[in-house]
Structures are given as structure tokens and as C-alpha cells.
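Numbering of the sequence shown is given in the numbering used here, commencing with residue 1317 and proceeding in unit increments.
Cβ atoms here follow ideal geometry from the backbone N, Cα and C, with glycine treated the same way.
No experiment lies behind these values; they were computed from the predicted model shown.
Have a look at the structure below, then the notes.
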Amino acid sequence: MTAQHTASRYSAQTALLGEYADSLLGVFGSPSLVLTHGKGAVVTDADGRDYLDLLAGIAVNALGHAHPRWVEIVSRQLATLGHVSNFFTSPQQIALAGKLLSLAGAPAGSHVFFANSGTEANEAAFKLARRHGHEHPGPDGRPRGTVLALESAFHGRTMGALALTAKEAYRAPFEPLPGGVRHIPATVEALEEHLDGTVAALIVEPVQGEAGVRELPEGYLRAARELTRRHGALLVVDEVQTGMGRTGRWFASSAELTGDDLPDAITLAKGLGGGFPIGAMLTVGPEVSALLGAGQHGTTFGGNPPATAAGLATVTVIEEDGLLEHARTVGAVLGEGLRAVPGIGDVRQHGLLIGADLEVPEGATAPFGPAVVEAARDAGFIVNATGPGTLRLAPPLILTSEQARTFLDALPEILRTAAAAVTAPAATSPDSPPKEA
Ligand SMILES: *Cc1c(COP(=O)(O)O)cnc(C)c1O
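Laid out in C-alpha cells, this is it:
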């Protein structure tokens, strides 16, 4: 009776997941849920079960799901003018570009290139770096051929962005990758050692999201700005995950870089469209903006009317509803709450981008992070593990403190269930590997 009940209860999802495996390429492993709808910070699966979404499509759904004003603006745009190609522009595209530059405090002569994803925004930045290397040779007269990136960096999965990404398991199967990239430790000493007249650019995430919400050393970005300037290299900041209010500021890098010390380029994506695919590269100042001229880069879809309308809708709601401050407030509730939960180690909280280390139970025979993700899911919460010992939360910026507390209240039991699962004699490994973007 019970088994039958269970079988029928999960049959809608089980059937769909079987069909998924028959037709979708296996690069994401097996998805854990089939989701059919969402409202606010809650999503619902094909069997009608609700989950509090503390991941927001990996820092994407800034306004949660089906936000009424976002839906209204994007729907109206779709019903008015959809795609037009970059032979043409639209009022939305121009308005969003202007808005992003003003949010960044970018000086006159700064510009925006719209793409469709984070990896594409970083491809544009890579090409910008190459152009800079050609246009501004080093002291020896030779083009600057080196781009510096950090150990543990994640910049995307296309070949150029992958060359900037550090993780060996992502890189090795696809070599040879575009050359000239050197990965260095995230220390000011390493910057001093490696920055010289052969370097075209340094690319950094202000907080390393995929690495487990890892912080740069205090003052690192200021030092990077100073040293790249001294050696004639560009400073590119990848705010694909940290930008658009995620950390309680429009740009996480503005904690250290403001006024005359902005980066030379900033890349954005994830939260920018509130769920609509869009990426962007901001080029700061006229000299940097002039590095990519007519015909030197392009995209068919980038910055089309629905995508830029979605970006405008997202920015508008964040501003009107005071979601930057809200993200700081609710983020602090989560951060402090997590620190008080036994079994949670170091907590790194930046607005609503949070990494929490897990104390892995002794004798664990399976990765603990994925087991916690699974136990949380069974308890009605969507969270993410960036590795065997680290949880990542990146909930919608509209999450309420009450919703945050329901998770904190449930977490001790979730950790106990997960610990039992990985230490039980017949512990089976969790049904899906940890997901990364
Ligand atoms: C997610 C992410 C990317 C890649 O974005 P996609 O939209 O998945 O291509 C690049 N950089 C950072 C810092 C990211 O978090």
C-alpha cells in the first residue's frame, strides 16, 4: 500500500525523467526534479510538491518566479516586438545600456556589449584583452600575450572562457584551449610577481562563487587596480554571479573599486535578466571601449528587445522595492543563523550569496554536500553544494526573513538525515553529482 502510494506519487516525475534521459545530452547528469511552476521564492514539481528555492536558478531569478511586474513588462514586450537582430536597435536596448553604465558609475565614453550568457560576456572580455595586447605592446615592443586568471576561478564553459577557468576536470578533456592564460594564486604577492609588460589583462571574480563563495584577500581588488595600471594591463572583473544586487550592491567590486578606480571591463549575466537569458560586458572609458570596433565582435541574439526589457524590468523592481538593502538584511539573517547551526563551519555571506562549509561526519562513505542537498530537497528546500564540503545559497532577492528562518529551523534535522545517509553501512552515493554553472 505504502509502496504503491509512493510509486504513484512520484510517477509523473519518474516518467518525465526517463524521457529526459532518452533525449537530453548527459552533460548535466540526471536532474533531481521536474519543475512545472513557481511563484515568488517557491517552485513546484511535476508531482505537486512545493520547495523553497534558495538557489534561484544559480543566482539568476533575482525577483523569484513569475514576479508580476517582470511578467507584465516582458509579456508586453513579447507582444510588441520580439527579436530584431543587431542590424537594428530598440529603445529597451539603449535604455538598459545607459542604466547599467549609470549604476556602475562609469565615466563618459563607457559602453555596453550585450551577449546571451556569462560565458559569452567573458568571451567578449577575452577578445578585448587580446585587442589591448595588440594595441598596447609591452616595453619590448611585442604584443602583450598573457592573460592572468586566478586559481579556482570559474569564467564559463566555451573555449575562451574555459581557458580562463582553472578547474582541471573542466579543461583537460578539451585541450588545446586558447593559449596565453596563466593561473596565479589569489594573493597580492602573486600579482606583484606575475604582472609585467607581457600581461594584457587580469580577470577576477570579486567573490569566487563556483569555488564555494571564496573571498579575495582584503584590499586585493585595490592592489589589482593599482598594479594593472602601473604595468599597462586591463583589469576585468567578472561579476556574472556577484553583480546586479546579489551581494547587496549592484556590483560586488564597488566595495573596493569606485570613482576613478573602476575596472576596465565588467562582465554580467546571471541575475541581469531575472531569468531571461542575457549577458553584458561594460567597457569603462573611451580608450577601452575603442578596442573593439565595428565588425570585430558580434552576436545574433545579444541584447534583443525581450532580453533587454527583462533586464530593465529586473533593475526597476530591484530599485523600486529596495531589494539591495533587503538582500543585505535577509542575507545577514541567513548568515548569522547558519553560524549558529551545529555542524556548519565557516560561513561566507555577501548579501544573498552565501557559502557555508559543512563538517563532514566521521566515517562518511559518500560525498556529504550532495547528501545534504538531497535531504534538504526531501524537506522542501532547494540548495546547492559546490563540493563535498560546501553549501551555496543564492536565493531570490525577494526572499523574506520568515522564509529564511524556515530553512534555518529545518537545517539541523536535514544535516542529521544527510549524516545518517552517508554513514549508514549500505550508503549509496547520491543520485546526482553536484551541479555547477
Ligand atoms: C556562471 C558564471 C559564468 C558562466 O555563465 P554562463 O551563463 O553559465 O555561461 C561565468 N563567470 C562566473 C563568475 C559565473 O558564476
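{"Item": "When the Cα atoms are used, what is the spatial distance from V1497 to D1512?", "Value": "14 Å"}
{"Item": "Which value, in whole angstroms, describes the spacing of the CA atoms of L1713 and T1645?", "Value": "10 Å"}
{"Item": "Alpha carbon to alpha carbon, what distance is there between T1624 and A1596?", "Value": "10 Å"}
{"Item": "Threshold first: 4 residues or longer. Then list the alpha helix (DSSP H) segments lying entirely within the stretch 1573-1610, N to C.", "Value": "1602-1605"}
{"Item": "Can you grab the Cα-Cα spacing for the pair S1433 / G1619, in whole Å?", "Value": "11 Å"}
{"Item": "So, with DSSP's three-state summary, where would you put Q1612?", "Value": "coil"}
{"Item": "For G1590 versus A1643, is the C-beta spacing smaller than 8 Å?", "Value": "no"}
{"Item": "Using the beta-carbon count (16 or more within 10 Å), is D1554 buried or exposed?", "Value": "buried"}
{"Item": "If the criterion is Cβ atoms closer than 8 Å, does the pair L1608 and I1670 meet it?", "Value": "no"}
{"Item": "Listed in chain order, which residues are found with a beta carbon closer than 5 Å to a heavy atom of ligand 1?", "Value": "S1433, G1434, T1435, H1471, G1472, E1521, G1525, D1554, V1556, Q1557, A1585 and A1753"}
{"Item": "When the Cα atoms are used, what is the spatial distance from Y1336 to P1347?", "Value": "9 Å"}
{"Item": "Can you check which of these residues, K1355, N1402 and T1330, is closest to G1611 by C-alpha distance?", "Value": "N1402"}
{"Item": "Which one of V1631, Y1536 and E1526 has the shortest CA to CA distance from A1413?", "Value": "V1631"}
{"Item": "Kindly list the residues whose CB is nearer than 6 Å to the CB of L1760, restricted to its own chain and excluding five residues on each side of it in sequence; keep chain order.", "Value": "Residue 1760 lies beyond the range of the chain shown here (1317 to 1753); nothing can be said about it."}
{"Item": "Measure the alpha-carbon distance for L1351 versus A1382 and round it to whole angstroms.", "Value": "13 Å"}
{"Item": "Rank E1690, G1653, G1373 and T1396 by C-alpha distance to the C-alpha of P1622 and give the top, closest one.", "Value": "T1396"}
{"Item": "From what residue to what residue does the alpha helix (DSSP H) around N1402 run?", "Value": "Unbroken run through N1402: none, as it is neither H nor E."}
{"Item": "Tell me, please, whether the stretch 1375-1392 touches the stretch 1727-1735 by the rule of three or more beta-carbon pairs shorter than 8 Å.", "Value": "no"}
{"Item": "List the endpoints of the continuous alpha helix (DSSP H) containing V1390.", "Value": "P1384 to L1394"}
{"Item": "Give a yes or no on contact between the stretch 1648-1656 and the stretch 1691-1704, applying the rule of three or more CB pairs nearer than 8 Å.", "Value": "no"}
{"Item": "Whose C-beta lies closer than 7 Å to the C-beta of T1503 among residues of the same chain, with five residues either side of it excluded?", "Value": "P1533"}
{"Item": "When you compare only the Cα positions, how much space is there between H1450 and I1660?", "Value": "49 Å"}
{"Item": "Does DSSP classify T1716 as helix, strand or coil?", "Value": "coil"}
{"Item": "Here's the rule I'm using: 16 or more other beta-carbon atoms within 10 Å means buried, otherwise exposed. How should S1339 be labelled?", "Value": "exposed"}
{"Item": "Got a sec? Which residues, its chain only, sit under 7 Å from A1726 by beta carbon, not counting five neighbours each side?", "Value": "A1695 and F1697"}
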